Amino acid sequence: MTEEKGGPEEAFLLRVKGAEDQVEKLDRMLREAYEVARSIGKVVGRVSRYGEVKVGENARIQLNIDPTTYYGESEAPFHRVGDYLVVVDPKDRRQVLIRVTSIGRRDELSMIGVQPPVSPIVDGLEPRGLITDAVIEGELVLELRPGEESPRPAVKSIEPQAPVVVPSPETLRRLLDLPTEGVTLGSLATPGGLIVGGRIPVRLPVSALLHHVLVVGTTGSGKTTLLKNMLASAYSQLNNHQRFVAVIIDLNEDFVQLPLPPIKEPEPRAVRESAFAGVRPPKGIAIVIPVTAQQLSAAVRSASRGEGGVLESALRDVALDYYKEVLSPLTGVETVELRRHVTDGEGLGYFEAQGLGFRLLLFPYVIDTTHSSVESLLALLPGATELVRQALTSVLNSFERKHGVRPPLEVVMAASFMLYMQMKSKGRSTDERLQLMAWDLISKHVVSLTELARTGKPEESAVNFFSAELRLGGSWSGTFEDAVEEVKDYLESLLPHGETMRALFSRVASLLDSGFVDVLYAARRGGTWTVEVLPETPWGSIVSVAHSSEVPVVLDLRWGMERSQGGFQSLRVLAYRLLDMLLAWRHELWSRRSADSGPNVVVFIDEAHQFFPSEGRTKEEAEEVGRISAILSRAARIGRSRGLGLVFSTHTPRDLNNLVIQLTNTKVILRSEESQLDVLSIPAQVRQFAPRLQDRYMAVISYAFREGYVFAVTTTPLTMHFDLSI
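With positions in the sequence shown counted from 1, the corresponding number in the working numbering is that position plus 316.
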């Protein structure tokens, strides 16, 4: 074999020179990496030289921070688990985002067996043992390559000695690639404190709200505060093409306070002035007031005949009573003048308060089942057995095919009751006696516009009512008694079992006991008694008015519960009706495929486990939960594509219907008991800190974030909120 040209010495020198060139190249790469590092933040350390730097699944990278830097910056990110550092890789000057997962310290002198001298001066301490590098361990999150706008998942190798940087707020914002538009939740944080002084806002895009959100947190953790701050942000920070109408199901009258300023200055100030800059309470509010027949009857008895008649005067009095009882203590204004408006010629209209510092719209509300689908009605009866549902569906469809309209539920209740009593007595009960008994059941659902309906003996009132003209529309013409007899004939044709009739009567009576459903009003016009159903104001009309007024809508369930005889089930009826009607309205707009499809709607449901329970203990309860699940599934799955989003809030996800957990693509976890988190699929890091989070600190897990989840903190309420614990 011949030797290389120049001999072995020259070959050796070439190899040495090649190695020196490589060293110079690496030296240049390192220096350039440090130049880039200094331009995006403050250099505080380097990737460790003492161990393997490995990039892979569940891999961690070690970073060294020298003791001078470590002790000189007590608030730097390398002191907090969950905070962020950036590594600039020398090979291609990529900026790699690192989330701190652990912080390691050790006494080097003790490691090599050096013990401190016994001395009364230093009390046996050896401070020199602490002059050692801090070892920071972190996980790779995202990386940004030179010339690119958006970061990618961090998958490339990283060199030892690469510079470690505390990133500037702008660098961190760019590397996290957080949404720049949407509803503000708060400022970026770690489980222990703010990141870069709260200057990086955490926002949820409106699209994430339309893919549904679940907020979980124990009592006092800040759920209601967070929801209020989100609403204030939505009505202050979103531009016109992003704006939606918020509809809040309010169980405790927390959200009727939305348009009023906070009682004290929101804290932390840094979050208030950065993430929530320019955020104010909404300019007004539309409140939906459930009105019962009993409540309206009392108002009618004391109402004067105003310009719009007794009914309008009674509705005005109800709205004014609501203001005085609920809102006057908050505003400090004892009473207001109310101006009436109509909504597209449908429903009961609404009243606008005059002379307040914000816009207040009050919508008296009842449910009218005569102009909604059978499916919508059945949604109000989730606990009905299959036989009851079949019988009710058959009767209502038969009546509608013949007359083009459905009868009020009082007709069904009277018919099923009278038929059941006839079956039970084997025909011995007379029609007059049964009518009197039925009138006793129905009378509490009837509002009389004249006292004549309630004068005289009960027998006379029953005769007057059953012989009154029932005004329904369509091709129907006849008395209330005619309608009862026709429905009774339909029921008899089904050859029902007596228990089925009893169950049908019981379910319909329970629904009517809410006081909000198919409220009848009787009047005497020209010597003739008439009975009509109070019209329901369509939820689409309510939302449209709120949209044009740029105010949120609140359904006040506490007011309704205090005046209903139906217990908590009556509140579920109102909530299910809201969801069903909003979905039908959004679907109708969507089906037109027009450019003007109306505003998106986001429904906020506090105490969601009360409306969507997880399971029933008995067979009947299990069937009811199954039908509630069907309502929920339809609202969530179809609503997503129709512009209807749902935001659920609960302190007990274990009691919440599993569909809520499955269908919410964003989960916000405030302080929660560990046992409540078992039903949620959340990252281990979130589960670790959730039980110990401070008030208003949260983990936000969402597809909207490139890294999967972030921690954030919101302020104390940005609107009025009475809570002695805050």
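We put the beta carbon where it would ideally sit given N, CA and C, even for glycine. Quick caveat: nothing in here was measured; it's all calculated off a predicted structure.
Looking at the secondary structure, which residues open and close the beta strand (DSSP E) in which residue i lies?
i	result
Ser-965	960-966
Thr-846	844-849
Gln-411	411-420
Thr-982	982-985
Asn-380	377-381
Ile-511	Premise fails: Ile-511 is in no beta strand (DSSP E) and is neither H nor E.
Gly-1112	Missing from the structure shown is residue 1112; the chain here goes from 317 to 1042 and no further.
Val-499	499-506
Val-563	560-566
Ser-809	Note, Ser-809: premise wrong, no beta strand (DSSP E); alpha helix (DSSP H) at 796-809.
Buried or exposed, going by whether 16 or more other CB atoms sit within 10 Å of the CB of residue i?
i	result
Leu-811	exposed
Ser-997	exposed
Phe-884	exposed
Asn-973	buried
Asp-566	buried
Thr-1035	buried
His-557	exposed
Ala-839	buried
Val-704	buried
Phe-1038	exposed
Thr-496	exposed
Ser-907	exposed
Lys-539	buried
Gly-323	exposed
Gln-1004	exposed
Glu-878	exposed
Val-658	exposed
So what does DSSP say about residue i, is it helix, strand or coil?
i	result
Leu-996	coil
Val-402	strand
Glu-662	strand
Met-1014	strand
Glu-391	coil
Thr-286	No answer is possible for residue 286: the residues shown for the chain start at 317 and end at 1042.
Thr-647	helix
Val-859	helix
Arg-787	strand
Ala-769	Because the pLDDT at Ala-769 is just 45, under 50, the model does not fix this residue reliably, and the value given afterwards should be weighed accordingly. It is helical.
His-657	strand
Asn-780	helix
Lys-370	coil
Ile-944	helix
Ile-437	Any answer about Ile-437 is weak, because its pLDDT of 49 lies below 50 and its placement is not dependable; what the coordinates show is given next. Here Ile-437 sits in coil by DSSP.
Ala-700	coil
Val-595	coil
Val-634	helix
State yes or no: is the beta carbon of residue i nearer than 8 Å to at least one beta carbon in chain C?
i	result
Val-480	Considering every chain present, this structure includes no chain C. It has just one protein chain.
Please tell me whether residue i and residue j are closer than 8 Å, where the distance is taken between their beta carbons.
i	j	result
Tyr-400	Leu-510	no
Thr-1032	Pro-723	no
Val-616	Val-763	yes
Leu-786	Thr-795	yes
Met-817	Tyr-892	no
Thr-982	Ala-524	yes
Val-847	Ala-784	yes
Val-721	Thr-686	yes
Glu-486	Arg-376	no
Val-869	Gly-600	no
Val-919	Leu-895	yes
Glu-931	Val-941	yes
Phe-832	Ile-683	yes
Val-360	Tyr-350	no
Pro-469	Val-369	no
Glu-802	Phe-715	yes
Leu-520	Leu-491	no
Determine the extent of the alpha helix (DSSP H) in which residue i is found, giving its start and end residues.
i	result
Gly-876	873-879
Ile-516	Looking at the DSSP string, Ile-516 is not in any alpha helix (DSSP H), and its letter there is neither H nor E.
Lys-740	725-741
Val-976	974-979
Assuming the contact rule is C-beta atoms closer than 8 Å, residue i and residue j should be a hit. Round their C-beta distance to whole Å, please.
i	j	result
Pro-479	Arg-362	6 Å
Gly-814	Met-753	About 17 Å; that fails the 8 Å criterion.
Leu-677	Ser-860	Rounded, the Cβ-Cβ distance is 12 Å, inconsistent with contact.
Ala-1006	Ala-1015	7 Å
Val-963	Val-649	31 Å between Cβ atoms; not a contact.
Beta carbon of residue i: closer than 7 Å to some heavy atom of the ligand GDP?
i	result
Glu-990	With respect to small molecules bound, the structure shown includes none, and the ligand GDP cannot be examined in it.
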